[in-house]
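Input: a single structure, listed below in C-alpha cells.
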Amino acid sequence: MTNSNRVEEMEITISNLLRVGVLLSAVIIFIGLIMFLVTGKSGYTGNYYPTNPLEILKGILSLKSYSIILTGILILILTPVFRVGVSIIVFFQEKDFLYVKITSLVFIILLVSFVLGKVE
Numbered sequence: 175m176t177n178s179n180r181v182e183e184m185e186i187t188i189s190n191l192l193r194v195g196v197l198l199s200a201v202i203i204f205i206g207l208i209m210f211l212v213t214g215k216s217g218y219t220g221n222y223y224p225t226n227p228l229e230i231l232k233g234i235l236s237l238k239s240y241s242i243i244l245t246g247i248l249i250l251i252l253t254p255v256f257r258v259g260v261s262i263i264v265f266f267q268e269k270d271f272l273y274v275k276i277t278s279l280v281f282i283i284l285l286v287s288f289v290l291g292k293v294e
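Here you go:
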C-alpha cells in the first residue's frame, strides 16, 4: 500500500469517526431530552446543576436527564478534539514533523482550555 493510499484510508476512517461521534452525541442528547419531557424534571433540585465530569457521571448512573444531555454535549465537544489528536498520529506516521509540532501545540492549547475553563 502506498503512502498516499494509507493517508487517504486514514482520512476516511477519521471522517467516519467524526460522523459517529456527532451521531452518538445527537442520540444521547435526544434520549436525555425525551426523559426530561416525559418526567418534567431535570433530576436536580432547585437551581443546582452538575458542573464537573464526576458529578455528571454520578447523574448518568442515577439516570438524571440533565446529566445525560450534558454527556451528549460533552461528546460533541470532544469529537473534534479527538480529530486533532488523531491528526498528530497521522502527521507523525507521514514523518511531517513540522505539522506534528503545530498540531501538538493546538492539542495542548485545547487541553489547557478545558482544564482552565470555569463554570460560574
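In our numbering, the protein residues as written are 175 to 294. Yeah, the Cβ is synthetic: ideal placement off N, Cα and C, and Gly gets one too.
Open item on the list: Please tell me whether Ile263 and Ser278 are closer than 7 Å, where the distance is taken between their beta carbons.
Closed with: Within the sequence shown, the letter at position 89 stands for residue 263. Within the sequence shown, the letter at position 104 stands for residue 278. For Ile263 and Ser278, no; Cβs fall outside 7 Å.
- [ ] Just confirm the distance between the C-beta atoms of Leu244 and Ile230, as a whole number of angstroms; I'd bet it's less than 8 Å.
- [x] By one-based count along the sequence shown, residue 244 stands at place 70. By one-based count along the sequence shown, residue 230 stands at place 56. So it is a contact: roughly 5 Å between Cβ atoms.
- [ ] Work out the CA separation of Phe265 and Leu237 for me, nearest whole Å.
- [x] Position 63 of the sequence shown, counted from the start, is the residue given in the question as residue 237. Position 91 of the sequence shown, counted from the start, is the residue given in the question as residue 265. For Leu237 and Phe265, the distance between alpha carbons rounds to 41 Å.
- [ ] Could you tell me the boundaries of the alpha helix (DSSP H) in which Leu272 lies?
- [x] What you label residue 272 is simply residue 98 of the sequence shown in a count that begins at 1. Residues Phe271 to Leu290.
TODO: Tell me where the alpha helix (DSSP H) around Lys215 begins and ends.
DONE: In the sequence shown, the residue the question calls residue 215 occupies position 41. In this chain, Lys215 is not harboured by any alpha helix (DSSP H), its DSSP state being neither H nor E.
Open item on the list: Going by DSSP in three states, Gly220 sits in which element: helix, strand or coil?
Closed with: Numbered from its first residue, the sequence shown carries residue 220 at position 46. The answer is coil: DSSP assigns Gly220 none of H, G, I, E or B.
Task: Bounding residues of the alpha helix (DSSP H) (the contiguous stretch that carries Ser241) - done: Position 67 of the sequence shown, counted from the start, is the residue given in the question as residue 241. First-last of the alpha helix (DSSP H) with Ser241: Ser239 to Gln267.
Task: Simplified DSSP assignment, three categories, for Thr225 - done: Taking the first residue of the sequence shown as 1, we reach residue 225 at position 51. It is coil, neither helix nor strand.
Open item on the list: Between the segment 250-259 and the segment 196-212, can you find at least three pairs of beta-carbon atoms closer than 8 Å?
Closed with: yes
- [ ] Let me know the secondary structure DSSP gives Ser189 once reduced to three states.
- [x] By 1-based counting over the sequence shown, the position of residue 189 is 15. Three-state result, Ser189: helix.
TODO: Give the straight-line distance between the Cα atoms of Glu182 and Leu285, rounded to the nearest whole angstrom.
DONE: Position 8 of the sequence shown, counting from 1, holds the residue named residue 182. Position 111 of the sequence shown, counting from 1, holds the residue named residue 285. Glu182 and Leu285: Cα-Cα distance of roughly 27 Å.
- [ ] Please list, in chain order, all residues of the same chain as Ser216 whose beta carbon is under 8 Å from its beta carbon, the five residues on each side excluded.
- [x] By 1-based counting over the sequence shown, the position of residue 216 is 42. Once the five neighbours on either side are set aside, the close Cβ partners of Ser216 are Phe210, Tyr223, Lys238, Ser239 and Tyr240.
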